[in-house]
Amino acid sequence: MKLTLATSGLLDPRKLSAWSAERRRAIHAAVAKGMVSGGRDVREAARAQMRSAFQVRRASFVASLQAKVFDQKPERLPALWVGSRIPWLGIHTHGGTVAGRMLIPLLPGRIGPKRFRQVIDGLMRSGNAFFVEKNGRVLLMAENIRENTAQLNRFKRAERERSGVKRLQRGQEIPIAVLVRRVDLKRRFDLAAGVQGALPKLAAAIGRELDKL
118 MKLTLATSGL LDPRKLSAWS AERRRAIHAA VAKGMVSGGR DVREAARAQM
168 RSAFQVRRAS FVASLQAKVF DQKPERLPAL WVGSRIPWLG IHTHGGTVAG
218 RMLIPLLPGR IGPKRFRQVI DGLMRSGNAF FVEKNGRVLL MAENIRENTA
268 QLNRFKRAER ERSGVKRLQR GQEIPIAVLV RRVDLKRRFD LAAGVQGALP
318 KLAAAIGREL DKL
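Just so we're aligned: the sequence shown equals residues 118 to 330 in my numbering.
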């Protein structure tokens, strides 16, 4: 998504080209400096939008959203990039469909992908993982055995809450995940709204640097 500040007056490309090369370099540097300082406001506004859209458990998730100024091309005005290196974050800004064979953990809360892979690997290595079809859904199940206590603790707790029992029987089958072939995701993170709300502060920061020329 590309957002553009209105370029009028001094920053109008048609008028900018009329300045001397030295003056253009000074303007370019001033705009870049203003974007660095004003970009912090844009970044924080986008992060605030991120916090309201997701249940944030790790500060590193929000901190992944960064602002960076690109000003290496002297013939073009600098640009401010706002984004995250988290690859799946983009689909939450516009919604979409993820296709493929996917296991969705049957837990009331979140489990990290790394930990979930460890659970599945542990169950597979012990031979305690199998699929069953119930009510039109394909479920990954595991037996409640001592060898898989570490992998099953959270899933046993979830099963007790679902069934309302205080204790599960040894050898009882416990649902771990549901197998799906596609997941439809709705838009939940309005990055553009967060950025646009901070554009006046960005413009003001650039203006303060230009006023020094």
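All residues carry an ideal CB built from backbone N, CA and C; glycine is no exception.
Range of the contiguous alpha helix (DSSP H) that encloses residue i
{"i": "Ala321", "result": "308-328"}
Distance, residue j Cα to residue i Cα
{"i": "Arg298", "j": "Asp328", "result": "57 Å"}
{"i": "Glu260", "j": "Gly244", "result": "10 Å"}
{"i": "Arg274", "j": "Pro225", "result": "10 Å"}
{"i": "Phe60", "j": "Gln172", "result": "Since the displayed the chain opens at 118 and closes at 330, residue 60 lies outside it and no answer follows."}
{"i": "Ala165", "j": "Gly311", "result": "8 Å"}
{"i": "Pro292", "j": "Leu223", "result": "7 Å"}
{"i": "Gln183", "j": "Val236", "result": "32 Å"}
{"i": "Ser137", "j": "Gly155", "result": "26 Å"}
{"i": "Glu276", "j": "Lys318", "result": "51 Å"}
Same chain, Cβ closer than 8 Å to residue i, five either side skipped, listed in chain order
{"i": "Thr214", "result": "Arg299, Val300, Asp301, Leu302"}
{"i": "Gly239", "result": "Asn265, Ala267, Gln268"}
{"i": "Asp102", "result": "Nothing can be reported for residue 102, as the shown portion of the chain is limited to 118 through 330."}
Proximal residues to residue i (C-beta, below 7 Å), its chain only, five neighbours per side dropped
{"i": "Gly314", "result": "Ala162"}
{"i": "Gly288", "result": "Glu260, Asn261, Ile262"}
Bridge partners - residue i, DSSP secondary structure assignment
{"i": "Arg299", "result": "Ala216"}
{"i": "Gln186", "result": "The sequence as given places Val at residue 186; Gln does not occur at that position. DSSP lists Leu197 as partners of Val186."}
Extent of the continuous beta strand (DSSP E) run through residue i
{"i": "Ser201", "result": "196-201"}
{"i": "Ala259", "result": "254-260"}
Residue environment, residue i, which counts as buried when at least 16 other CB atoms sit within 10 Å
{"i": "Gly151", "result": "buried"}
{"i": "Met167", "result": "buried"}
Own chain partners of residue i with C-beta closer than 6 Å, once the 5 adjacent residues on each side are dropped
{"i": "Gln286", "result": "none"}
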